[in-house]
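Peer 1: In my numbering, the protein residues as written are 1227 to 1456.
Glycine included, each C-beta is placed from N, C-alpha and C at the ideal position.
Model, not experiment: these values are computed from the prediction.
Structure in C-alpha cells, see below.
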Amino acid sequence: MAAPGAAADSSTAPARGATASPLPACRYDGVRTRYDGLRQWRKTLLDTIYKLPRSYAPGSLVSTSQAGLNGGYLIRRSVIDDLSAMARAARAAGAGLAAQSAYRSYATQKSVFQGYVDRIGYERALAVSARAGHSEHQLGTTIDFRSASSARAPWDYDDWATTAPGRWMKRNAWRYGFVMSYPKGKRSESCYSYEPWHYRYVGRETAAAVRTQGVTLRRYLWETWQAAPS
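Structure follows, in C-alpha cells:
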C-alpha cells in the first residue's frame, strides 16, 4: 500500500547495492546529504557524517494531536494518516502511544546537543545525540514515542522496548511506515546508541523493504540512494 504523500517522490529506486560503494564507517564529519530537498525526505540519509543545511525547515507541519496523540509536537501533514492508524491500532492492543518529541529545527537541535554536552561531556554526547543538521528530527518525519499511560520519558527506562507500547512498536511500526533508526546492537552501523523510542516515517513500502532485508535504515538509505549512481 502506498503511504500518504507518495506522489511527492515517485522516483523508482535503483537496484539496491548493485554498484554502491561500501557503507562508510561511522565518523564525525559535516558533509551535505545527497537528497536534501524538502520533497526528498524518503531518500535523505542523516548520520554522523551527512547533514541537512541550517535552512531546511518543512512548511507543512501540524500538531501530533491531529493523529490522536498528545499535542505540543509537530510532524509533517503527510505522516498524519499512517500515524493516526498506528495510534489507533496500538490503543486497541492495550499499548497506547504518546509523543515525547517530534520535529526539531536546526537551532533546537543545536540546543539539545549542547544540553547533553553540558551534562555528560562532548564525547559521550556524540553517542546519544545528533549535532545540529545531523538529526532525523529536522526532517519533520521522526518521533520519539513514550507510553501514553505514563509521563515518564522513554530513555528513563532500562529498555523501553520491554514495555507494552515498546514491544508493540518493535513488532508493528513497519506496517504503518515507521522504522526504528537505531536498533539494539547496531551502533557500529547506525552510528548512535540504541534508541527503541526513535522511529522515522519512511512510508509503508520502504519500511517493509527495510524489514524484509533485515538491515538498518542507514544501510538501506546508503545502498539504495546515497551511494547509488546518478
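Can you give me the C-alpha to C-alpha distance between residue 1423 and residue 1371, rounded to a whole angstrom?
Peer 2: Residue mapping note: residue 1423 aligns to position 197 of the sequence shown, counting from 1. Residue mapping note: residue 1371 aligns to position 145 of the sequence shown, counting from 1. Rounded to the nearest angstrom, the two C-alpha atoms are 5 angstroms apart.
Peer 1: Please report the distance separating the alpha-carbon of residue 1455 from that of residue 1322.
Peer 2: Position 229 of the sequence shown holds residue 1455. Position 96 of the sequence shown holds residue 1322. Their Cα atoms are separated by approximately 42 angstroms.
Peer 1: Report back the beta-carbon spacing between residue 1332 and residue 1359 to the nearest angstrom; my notes put them in contact at under 8 angstroms.
Peer 2: Within the sequence shown, the letter at position 106 stands for residue 1332. Within the sequence shown, the letter at position 133 stands for residue 1359. Indeed they touch by this definition, with Cβ atoms about 6 angstroms apart.
Peer 1: Give the secondary structure of residue 1272 by DSSP, where H, G and I count as helix, E and B as strand, and everything else as coil.
Peer 2: In the sequence shown, the residue the question calls residue 1272 occupies position 46. Coil at residue 1272, not helix or strand.
Peer 1: Rounded to the nearest angstrom, what separates residue 1243 and residue 1433 at their Cα positions?
Peer 2: Locating residue 1243 in the sequence shown gives position 17, counting from the first residue. Locating residue 1433 in the sequence shown gives position 207, counting from the first residue. With a pLDDT of 49 at residue 1243, under the threshold of 50, the predicted position of this residue should be treated as unreliable, though the coordinate-derived value follows. Whole-angstrom Cα-Cα distance: 17 angstroms.
Peer 1: Shortest alpha-carbon distance to residue 1307 belongs to which of 1315, 1283 and 1293?
Peer 2: Position 81 of the sequence shown, counted from the first residue, corresponds to residue 1307. Taking only the C-alpha atoms, the option nearest residue 1307 is 1293.
Peer 1: Select from 1341, 1259 and 1312 the residue whose C-alpha is nearest the C-alpha of residue 1391.
Peer 2: For the purposes of this step, residue 1391 is taken as the residue at position 165 of the sequence shown. Comparing Cα-Cα distances from residue 1391 to each of 1341, 1259 and 1312, the minimum goes to 1312.
Peer 1: Alpha carbons only, please: which of 1437, 1430 and 1447 is nearest the one belonging to residue 1309?
Peer 2: As a working mapping, residue 1309 is identified with position 83 in the sequence shown. For the residues 1437, 1430 and 1447, the minimum Cα distance to residue 1309 belongs to 1430.
Peer 1: Looking only at its own chain, which residues have a Cβ that is under 8 angstroms from the Cβ of residue 1411, when we skip the five neighbours before and after it?
Peer 2: On the sequence shown, residue 1411 is found 185 positions in, with the first residue counted as 1. Here the set comprises 1420.
Peer 1: Excluding the 5 residues preceding and the 5 following residue 1253 in the sequence, name in chain order all residues of the same chain whose CB lies nearer than 7 angstroms to its CB.
Peer 2: Against the sequence shown, residue 1253 aligns to sequence position 27. Answer for residue 1253: 1274 and 1275, listed in chain order.
Peer 1: If you drop the 5 nearest sequence neighbours on each side, which residues of the same chain put their C-beta closer than 7 angstroms to that of residue 1283?
Peer 2: Within the sequence shown, the letter at position 57 stands for residue 1283. 1331, listed in sequence order.
Peer 1: Can at least three beta-carbon pairs, one atom from the stretch 1260-1273 and one from the stretch 1359-1368, be found at a separation below 8 angstroms?
Peer 2: Contact between the stretch 1260-1273 and the stretch 1359-1368 is present, because at least three Cβ pairs lie under 8 angstroms.
Peer 1: Is the closest heavy atom of the ligand FAD to the C-beta of residue 1337 under 8 angstroms?
Peer 2: Because no ligand of any kind appears in the structure shown, any question about the ligand FAD cannot be addressed here.
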